[in-house]
Each structure stands twice: as structure tokens, then as C-alpha cells.
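Enquirer:
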Amino acid sequence: MSKRILIVGNWKMHLNASQASLLLHRLHERIKIHRNIEVVLAPSMLVLQPLSTQVDRRKFRLAAQNAYYKDEGAFTGEVSFSMLQDLVHYVIIGHSERRLHFHEDLEVVRDKVASAVRNSITPLLCVGETGQERHAGETKQVLHDQITTALSNLTADEIEEVVIAYEPVWAISTFEGEIAKPDDVESGLKFIRKQIAELYGNKAAKAVRLLYGGSVDDQIVRSYLELEDCDGALVGGASLNYHKFAGIVDSAYRLVQAQGEDDAGQ
Ligand code: PGA
0 MSKRILIVGN WKMHLNASQA SLLLHRLHER IKIHRNIEVV LAPSMLVLQP LSTQVDRRKF
60 RLAAQNAYYK DEGAFTGEVS FSMLQDLVHY VIIGHSERRL HFHEDLEVVR DKVASAVRNS
120 ITPLLCVGET GQERHAGETK QVLHDQITTA LSNLTADEIE EVVIAYEPVW AISTFEGEIA
180 KPDDVESGLK FIRKQIAELY GNKAAKAVRL LYGGSVDDQI VRSYLELEDC DGALVGGASL
240 NYHKFAGIVD SAYRLVQAQG EDDAGQ
């Protein structure tokens, strides 16, 4: 059966307001509305507001790359989930760069996930092992700990709304940038779905959307999107290049179309 695919572009700390506006303009020109494909852009906090007035909401949804879990207060430099409510559909939470550079631990990630849900924003939770953990055979333990803690304050119904991105740190272009084999990705995604099933039941496990992220570009995205457990991709570096990002969306479109034709032929 053809699936609905979610493609997220994480622009990280790139692009000032005019550069971001230009990239959005180029993406508007190249990306068509597809019923079965949802495209989400995650620009810097600074440009979310101006982009929200420029964006064609039938084509793109917006995501923040981070937010703070308290709703308001004396937290200099922070922006809360409640402040983002009318601006974004999604917030990326627990990205490995935040875990590594900003020392976000399992409990902070858990509180952010709960705050997102409380404020009606869909959490895009990132999980994944480092290269060192992988070589030590700790991948499953790391994923287990990250998932159980991050989701521990949610009900099974709330979990169905969460998106989880499997992003092995060793595959992210700005870390080691190793190209993950689709088999490795599928086993990571399967393990994550199994964890959700064990914790919250089969219905929640089926409903949760799982993405893959790590050096995804227009050439290799299809090999991941074809995986049974993969509902989309979280794209970093390639999302800053409009040819590549539009190519990724196009690949997703062609896959959905091919699957639709298969369904019709059965
Ligand atoms: P990358 O980044 O696509 O540049 O590897 C992915 C991410 O950090 O989310």
C-alpha cells in the first residue's frame, strides 16, 4: 500500500533572513503540492516569523529546531513551545547536535517532548547512537534508553502523534558522515517500532511515523524511503541546496506514484 511520506529539511544555523527567504522562493518554484507527501522546513528561530508570512502552507509546514520546555519565565535567551504554537507544526527535539554541543540529557529531552505535546506541537524526536557506541555494540541499549525516557510522560494516544527520526550520529554529514546501509537503517527503525509496541501497544507502534536522517541526498533517499518501516527523511546539508532538496521530494513523489500503480494493478 502506498504510504504518506514526510520530508523534513533542517537548515541548522545557516541562512540569514534574506538568504532563507530566497531559498524558500526557489523551493516554491520547484516543489509541487503532493497529496501523499508532506514537506516541512526547519529554519533558524530568527527567520521562522518572516518565513511564516511568505510560506505557501499548502506546500510546506514549518518546524522549529529547538524550544525550551518551560512556558515562560526568567530563562534568558530561550523561546518556549507555547510561544511557537501559532507558528510551527513541528519542533525538532533531541537532535544529536543539541545532545552533544548543548549537553541536553535524557530528562531535558523528555521534558521538551512533553511540553511540545502540551502545546499542540508535534515533536520530531531524534534518536541515534554515536560511532563509539555502535562499535561497542550498544546501539539497541542507547535507542532503548533514549526512547523510553523521552516518551515516558506521554499517554499511548499522545505517542501516536509523535514522529521519531533515527539518526545514527556516525551517519550525519557534519560528524563522521558514513553512508548508512539500508539494512542497518531498517534494523534501527524496526527496533524503534518494537520498543514503542512493547511500551505502548501495537496500535501506537503502527501509528508512530519513523524517519531516517544522516547524509540523505537526492541520490540515495529512495533506498531509505523504500524500507518498510521508513515513513520519511530528516535532511540536513542537502536541504540547503534547492536542487537537491527538490530532488529528494521528487524521489518521494515517484516512489509514492509507483506504489500507487502497484496497488492499482493488484
Ligand atoms: P545531514 O544532517 O543530512 O547533513 O547528515 C542530518 C541531521 O543532522 O539532521
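Under numbering that gives the first Met the number 0, think of the first position of the sequence shown as 0, with each following residue one higher. For glycine and all other residues, C-beta sits at the position ideal for the given N, C-alpha and C. Owing to the predicted nature of the structure, the values given are computational and were not obtained by experimental measurement.
Following the continuous beta strand (DSSP E) through Leu5, name the residue where it begins and the one where it ends.
Expert: Position 6 of the sequence shown, counted from the first residue, corresponds to residue 5. It spans 4–9 - the beta strand (DSSP E) in which Leu5 sits, taken as one unbroken run.
Enquirer: If we ignore side chains and look at the alpha-carbon of each, how far apart do Gly139 and Leu188 end up?
Expert: Within the sequence shown, the letter at position 140 stands for residue 139. Within the sequence shown, the letter at position 189 stands for residue 188. It is Lys, not Gly, that sits at residue 139 in the sequence shown. When rounded, the distance between both Cα atoms is 11 angstroms.
Enquirer: Since Leu153 and Val207 are thought to touch, with beta carbons under 8 angstroms apart, how far apart are those beta carbons, to the nearest angstrom?
Expert: The residue labelled residue 153 in the question sits at position 154 within the sequence shown. The residue labelled residue 207 in the question sits at position 208 within the sequence shown. Not quite, the Cβ-Cβ distance comes to about 11 angstroms (not below 8 angstroms), so this is no contact.
Enquirer: Do the CB positions of Ile36 and Val248 come within less than 8 angstroms of each other?
Expert: As a working mapping, residue 36 is identified with position 37 in the sequence shown. As a working mapping, residue 248 is identified with position 249 in the sequence shown. In contact: Ile36 and Val248 (Cβ atoms closer than 8 angstroms).
Enquirer: Enumerate, from N- to C-terminal direction, the unbroken alpha helix (DSSP H) stretches of 4 or more residues contained entirely within the region 15–52.
Expert: As far as the region 15–52 is concerned, its whole alpha helix (DSSP H) runs of at least 4 residues are 16–29.
Enquirer: Any idea if Ala73 is buried or exposed, counting beta-carbon neighbours within 10 angstroms, 16 or more meaning buried?
Expert: One-based indexing of the sequence shown puts residue 73 at position 74. When all chains shown are included, Ala73 counts as exposed.
Enquirer: Using the Cβ count rule (16 or more neighbours within 10 Å means buried), how would you classify His94?
Expert: Taking the sequence shown and counting its residues from 1, one reaches residue 94 at position 95. That one is buried.
Enquirer: Using 8 angstroms as the threshold, is the region 190–197 in touch with the region 140–159, meaning 3 or more CB pairs across them?
Expert: Touching, yes.
Enquirer: In the DSSP assignment, find the alpha helix (DSSP H) that holds Tyr223 and state where it starts and stops.
Expert: In the sequence shown, residue 223 corresponds to position 224, counting from 1. Unbroken alpha helix (DSSP H) run through Tyr223: 220–224.
Enquirer: Would you call Leu50 buried or exposed, if buried means 16 or more other Cβ atoms sit within 10 Å of its Cβ?
Expert: One-based indexing of the sequence shown puts residue 50 at position 51. By the neighbour-count rule (16 or more Cβ atoms within 10 Å), Leu50 is buried.
Enquirer: Which full runs of the alpha helix (DSSP H) of 4+ residues lie inside the region 68–118, going along the chain?
Expert: Correct list: 80–83, 95–100, 105–117.
Enquirer: If you reduce the DSSP assignment to three classes, tell me which class Ala66 lands in.
Expert: Your numbering for residue 66 matches position 67 in the sequence shown. Coil, per DSSP.
Enquirer: So what does DSSP say about Gly246, is it helix, strand or coil?
Expert: Here residue 246 refers to the residue found at position 247 when the sequence shown is read from its first residue. It is helical.
Enquirer: Can you find the residues in the same chain that come closer than 8 angstroms, C-beta to C-beta, to Leu14, ignoring five residues on each side of it along the sequence?
Expert: Mapped onto the sequence shown, residue 14 falls at position 15. The answer, listed in chain order, is Leu22, Pro42, Ser43, Val46, Leu239.
Enquirer: Grab me the residues of His102's own chain with a C-beta within less than 8 angstroms of its C-beta, minus the 5 sequence neighbours each way, in chain order.
Expert: Within the sequence shown, residue 102 is the residue found at index 103, counting from 1. Once the five neighbours on either side are set aside, His102 has no close Cβ partner at all.
Enquirer: If contact is defined by three or more beta carbon pairs under 8 angstroms, each pair taking one atom from either stretch, is the region 62–77 in contact with the region 23–34?
Expert: Because the criterion of three Cβ pairs below 8 angstroms is not met, the region 23–34 and the region 62–77 do not touch.
Enquirer: Could you compute how far the alpha carbon of Leu86 sits from the alpha carbon of Ile120?
Expert: In the sequence shown, counting from the first residue as 1, residue 86 sits at position 87. In the sequence shown, counting from the first residue as 1, residue 120 sits at position 121. C-alpha separation (whole angstroms): 10 angstroms.
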